[in-house]
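Residue numbers (the working numbering): 348 to 666.
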Amino acid sequence: MNAEYLVTIDMGGTKSLAALSHKGEIVGRLKRPTNVGEKSPDYGVELVDLTKALLAEHGVGEDDLRAVCLGVPGSVDQRTGVIGVAPNLGITDYPIRDEMAKRLSVPVLIENDVNIAALGIMAEGSVQKTRHALVVFVGTGIGGALIIDGKLYRGASNFAGEIGHMRVRPDGPKCGCGAKGCFEAVASKTAIIRDVVAAIEDGKKSVLKERLDAGKRIKSKAIAKAIASDDKLTVKTVADACDVIGETLASVNNLLNLETIVLGGGLVEANEEFMLPIIREAFERESLKDFAESCDLRATALGDDAPLLGGEPLASEYL
């Protein structure tokens, strides 16, 4: 039998989501919590276990599998299969392809998570003909991917698109990468939660205090519920982050004169109705007029499926 199946894994900061696809159509999904540490020797094993569990669940053997594609939240070297730096996973210089190859009989392909999501998004009908685009995912961190002249732009060292590490507040909070004031240290979900928690600890009122007191994590949906209940602290904190997002996207667009900017990620997906108008307002305010008018700023309709659908074009490129 010809190998017609593909496994694509979105390696999030809090969860790993795997999809089994057949001829470009997702036929199964499996999600597990992320559990990593610095240069974790077990991480490759965990992803192999996730892959095999997904295959077993759908009665698919390794012989039927073309490849396993990984979307990594950090810098990667596609040629060597090494994760350079993935701050939100807490790993550096990790040979993920070699670790997984010890336990799998199929090729393992790696790509930055937002790059692979951009590949999935650009295959979508509504943006298929876009030649110049920026894809930005706002979640645990903030990642970006550039489409230039219809192709994914990886840069001289394969690290292009790291918009989350643009310095937007020189005296801002410390980022996971070690620098201060990075975009994701100011406006990611992690940054929003940090600021909300600090304010609650300083005595500010919020419905999210109940979750903290119960030892529960604040997730994107909890933020959405707090906004829906008009929780003033959450509303202001998220609105402030949206201003930064809009301003930063305007600066990038002023440089690149893009056709389309697509937003995604768990925070945006759960809070699109609230966030997108504020982001658009800041974007238009800080943009050069003609540049803003010629750029379509939108949220992706694919949600979590964006990186999962990017495995097919990635496999076609490398296999």
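For every residue, glycine included, the Cβ atom is placed at its ideal position computed from N, Cα and C. These numbers come from a predicted model, not from an experiment.
8 Å CB neighbourhood of residue i in its chain, flanking five on each side removed
{"i": "His512", "result": "Cys522, Cys524, Ala526, Cys529, Phe530 and Glu531"}
{"i": "Ile494", "result": "Ala465, Met469, Thr477, Arg478, His479, Ala480, Leu481, Val482 and Tyr500"}
Separation of residue j from residue i, as counted between CA atoms
{"i": "Asn601", "j": "Ser634", "result": "6 Å"}
{"i": "Leu394", "j": "Ala648", "result": "27 Å"}
{"i": "Val461", "j": "Phe484", "result": "7 Å"}
{"i": "Met469", "j": "Thr477", "result": "8 Å"}
{"i": "Lys650", "j": "Lys552", "result": "The sequence given here places Gly at residue 650; Lys does not occur at that position. Distance between the alpha carbons of Gly650 and Lys552 is about 32 Å."}
{"i": "Ser368", "j": "Pro380", "result": "21 Å"}
{"i": "Thr487", "j": "Asp357", "result": "13 Å"}
{"i": "Arg501", "j": "Pro517", "result": "26 Å"}
{"i": "Ala538", "j": "Ala597", "result": "20 Å"}
{"i": "Ala653", "j": "Gly467", "result": "5 Å"}
{"i": "Asp643", "j": "Arg450", "result": "44 Å"}
{"i": "Ala350", "j": "Lys370", "result": "10 Å"}
{"i": "Gly375", "j": "Glu404", "result": "9 Å"}
{"i": "Arg541", "j": "Pro520", "result": "10 Å"}
{"i": "Val432", "j": "Ile373", "result": "29 Å"}
{"i": "Thr584", "j": "Asp577", "result": "12 Å"}
Identity of the residue in the options nearest residue i by Cα
{"i": "Pro454", "options": "Ala480, Asn462 and Thr427", "result": "Thr427"}
{"i": "Gly359", "options": "Leu402, Lys536, Gly508 and Val429", "result": "Lys536"}
{"i": "Ser567", "options": "Leu377, Thr355 and Ala575", "result": "Ala575"}
{"i": "Val615", "options": "Gly490, Val474, Leu451 and Tyr441", "result": "Gly490"}
{"i": "Asn435", "options": "Val429, Lys362 and Val582", "result": "Lys362"}
{"i": "Tyr665", "options": "Ile463, Tyr441, Leu397 and Pro420", "result": "Ile463"}
{"i": "Pro624", "options": "Gln425, Ala403, Val432 and Ala646", "result": "Ala646"}
{"i": "Leu397", "options": "Leu364, Lys583, Ala653 and Ile608", "result": "Leu364"}
{"i": "Thr607", "options": "Thr584, Ser641, Ala662 and Leu412", "result": "Ser641"}
{"i": "Leu401", "options": "Ala414, Gly562, Glu409 and Leu377", "result": "Leu377"}
{"i": "Glu419", "options": "Ile457, Gly406 and Thr439", "result": "Checking the sequence, you will find Val at residue 419 rather than Glu. When each option's Cα is compared against that of Val419, the closest is Ile457."}
Collapsed DSSP secondary structure at residue i in the structure displayed
{"i": "Glu446", "result": "helix"}
{"i": "Leu644", "result": "strand"}
{"i": "Asp587", "result": "helix"}
{"i": "Val395", "result": "helix"}
{"i": "Thr361", "result": "coil"}
{"i": "Ala617", "result": "helix"}
{"i": "Thr581", "result": "helix"}
{"i": "Arg632", "result": "helix"}
{"i": "Ser368", "result": "strand"}
{"i": "Thr595", "result": "helix"}
{"i": "Lys572", "result": "helix"}
{"i": "Gly612", "result": "coil"}
{"i": "Ala662", "result": "helix"}
{"i": "Ala480", "result": "strand"}
{"i": "Gly490", "result": "strand"}
{"i": "Gly467", "result": "helix"}
{"i": "Leu605", "result": "coil"}
{"i": "Leu649", "result": "coil"}
{"i": "Ala350", "result": "coil"}
Residues near residue i by beta carbon distance below 7 Å, same chain, minus five either side
{"i": "Gly497", "result": "Arg478"}
{"i": "Thr581", "result": "Val543, Ser553, Leu555, Ile570, Ala573 and Ile574"}
{"i": "Asn382", "result": "Glu393"}
Close-in-space but distant-in-sequence residues of the same chain around residue i (CB under 6 Å, 5 per side omitted)
{"i": "Gly391", "result": "Ile443, Glu446 and Met447"}
{"i": "Tyr658", "result": "Checking the sequence, you will find Gly at residue 658 rather than Tyr. So the qualifying residues of the chain are Leu353, Thr355 and Cys416."}
{"i": "Gly593", "result": "Ile626, Ala629 and Phe630"}
{"i": "Val429", "result": "Pro442"}
{"i": "Ala492", "result": "Val461, Asn462, Ala465, Val482 and Gly508"}
{"i": "Thr595", "result": "Val515 and Phe530"}
{"i": "Asn618", "result": "Ala571"}
Let me know the beta strand (DSSP E) ranges lying completely inside the stretch 492-569, each 3 residues or longer, listed in chain order.
Taking only runs of at least 3 residues, the beta strand (DSSP E) segments lying wholly in the stretch 492-569 are 498-500.
Please specify which runs of the beta strand (DSSP E), each continuous and at least 3 residues long, are wholly inside the stretch 407-460, giving them in chain order.
As far as the stretch 407-460 is concerned, its whole beta strand (DSSP E) runs of at least 3 residues are 412-419, 429-433, 438-441 and 455-459.
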